[in-house]
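Once you know that position 204 of the sequence shown is 204 in my numbering, the rest is easy, because the numbers rise by one and skip nothing. All C-beta atoms, glycine included, are put in the ideal place defined by N, C-alpha and C. Take a look at the structure set out below.
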Amino acid sequence: MELELARQGPKDDRRRTHKNPAHQREDFITKMLQSSGITVAKAPSGMSRNLENTSSWSKSQKCMNWQVEWIREADAGGRILNKSIEKWPISDIYSLLLEEQRRKNMSPEEKAAEKKRKAEESKERQAKKIKSDEGLLDISPLSLFQDPTGAWNIILDQPTLSNTTKLESQSFTPRKLASKYQFYLHRPKTRSSYPKVLVPIDPTQSLCKVLENRTVLEFPTIYVFESKELPQTFMLEKAYIAATGDGPAQESESEESEDDDTTSSSDSSSDEDEDTEMEDGEVA
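As structure tokens, then:
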């Protein structure tokens with residue numbers, strides 16, 4: 001048998017090797033992040049930060065669905081992880097998070113009372129809608145539609161309501177967020193001899209816009225304070241750059257990492273374009 005194989009010589013297997021779906025997904029997500037200038041610094045496999053990263057690509061929204069670490073003061077809820085669509089404004093994301101927490105902390109009696117209240121409000125809205133529709137369907141006197149010659153030259157269609165308007169009126173709108181909240185993006189991989197560095201966030205901007213040309217440690221960390229004065233354990237990026245000269249572009253170069261379990265930025269994407277429609281999937 002071995003002699004026969006030796007006579008045949010090595011097989012020239014020119015079949016194209018196909019990447020498995022997980023690698024295709026990772027390459028696709030990496031390219032999407034690179035197009036926005038977002039660098040993901042990877043923590044060692046198996047470390048808590050790495051295991052907590054459930055960021056994924058949303059097929060329905062066609063954008064990233066980020067795992068986001070929200071850090072509040074202890075009396076305001078402390079640390080919490082929450083998935084966030086990157087197209088949404090920071091204020092809307094946080095408003096939805098607060099609403100979700102509020103519902104989760106409600107007692108069964110409170111949940112029943114809220115369900116009853118919402119049912120009554122829905123009935124009232126439906127009654128107003130029916131009354132409004134009846135007004136739209138009222139037919140005006142014939143003289144308004146007949147020209148002076150007595151000839152009919154138009155066909156009057158029945159009025160219809162826009163399905164889009166109906167859907168929009170029924171969709172959930174985040175509650176307006178109180179102006180007391182101050183949001184900051186944490187800048188990782190800064191010099192350990194300095195306090196934690198924070199970047200002020202405009203809450204009207206989308207998460208994607210906030211992360212443009214930024215580095216995150218596995219996933220974004222956003223600090224939320226109710227006071228404009230930062231605690232002494234933090235400093236603004238503007239002051240940090242003035243003191244060190246380390247701008248955002250240099251943050252991964254020759255700097256001491258404040259987190260011992262971090263490594264350099266995420267792996268580069270494949271040179272080969274993948275013409276594949278991506279499914280929802282986690283960042284590997």
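For residue i, the three-state DSSP class (helix, strand or coil)
{"i": "K128", "result": "helix"}
{"i": "P44", "result": "coil"}
{"i": "R175", "result": "coil"}
{"i": "R25", "result": "helix"}
{"i": "T54", "result": "coil"}
{"i": "R191", "result": "coil"}
Residue span of the alpha helix (DSSP H) that contains residue i, given as start and end
{"i": "R103", "result": "90–104"}
{"i": "I83", "result": "Just to set this straight, residue 83 is Lys in the shown sequence, not Ile. From DSSP, K83 is part of no alpha helix (DSSP H) but of the beta strand (DSSP E) over 79–85."}
{"i": "Y240", "result": "237–244"}
Inter-residue Cα distance where the pair is residue i and residue j
{"i": "E73", "j": "P195", "result": "17 angstroms"}
{"i": "N20", "j": "E86", "result": "26 angstroms"}
{"i": "I71", "j": "E134", "result": "51 angstroms"}
{"i": "Q224", "j": "K131", "result": "Contrary to the premise, residue 224 reads as Val rather than Gln in this sequence. So the two alpha carbons sit approximately 45 angstroms from each other."}
{"i": "K180", "j": "K228", "result": "9 angstroms"}
{"i": "G78", "j": "E69", "result": "10 angstroms"}
{"i": "T39", "j": "I241", "result": "19 angstroms"}
{"i": "M235", "j": "R214", "result": "17 angstroms"}
{"i": "I222", "j": "D92", "result": "14 angstroms"}
{"i": "T233", "j": "E110", "result": "39 angstroms"}
{"i": "A243", "j": "W88", "result": "34 angstroms"}
{"i": "G247", "j": "K116", "result": "54 angstroms"}
{"i": "L207", "j": "A239", "result": "23 angstroms"}
{"i": "C63", "j": "V210", "result": "14 angstroms"}
{"i": "P231", "j": "P220", "result": "20 angstroms"}
{"i": "L33", "j": "V197", "result": "22 angstroms"}
{"i": "A112", "j": "E120", "result": "13 angstroms"}
{"i": "A41", "j": "Q126", "result": "51 angstroms"}
{"i": "I90", "j": "T204", "result": "6 angstroms"}
Range covered by the beta strand (DSSP E) that runs through residue i
{"i": "E69", "result": "63–72"}
Classification of residue i by the beta-carbon crowding that lies within 10 angstroms, buried from 16 upward
{"i": "E212", "result": "exposed"}
{"i": "H186", "result": "buried"}
{"i": "L97", "result": "buried"}
{"i": "L51", "result": "exposed"}
{"i": "P188", "result": "buried"}
{"i": "A178", "result": "exposed"}
{"i": "L81", "result": "exposed"}
{"i": "N65", "result": "buried"}
{"i": "P45", "result": "Pro is not the amino acid found at residue 45; the sequence shown has Ser there. Looking at its Cβ environment, which holds fewer than 16 other Cβ atoms inside 10 Å, S45 is exposed."}
{"i": "N105", "result": "exposed"}
{"i": "R175", "result": "exposed"}
{"i": "P200", "result": "exposed"}
{"i": "Q67", "result": "buried"}
{"i": "P108", "result": "exposed"}
{"i": "R25", "result": "buried"}
{"i": "E124", "result": "exposed"}
{"i": "D75", "result": "exposed"}
{"i": "D202", "result": "exposed"}
{"i": "E100", "result": "exposed"}
{"i": "E226", "result": "exposed"}
{"i": "S95", "result": "buried"}
Cutoff 7 angstroms: residue i Cβ touching any chain C Cβ
{"i": "W70", "result": "Protein chain content of the structure displayed is limited to a single chain, and chain C is not contained in it."}
Any non-hydrogen atom of the ligand NAD closer than 6 angstroms to residue i Cβ
{"i": "P195", "result": "Annotation note on the ligand NAD: not contained in the displayed structure, which lists no ligands."}
Problem set entry | Segments of 3+ residues assigned as beta strand (DSSP E) that fall wholly inside the stretch 196–232 | Runs of the beta strand (DSSP E) lying entirely within the stretch 196–232, each at least 3 residues long, are 196–200, 215–217, 221–225 in chain order.
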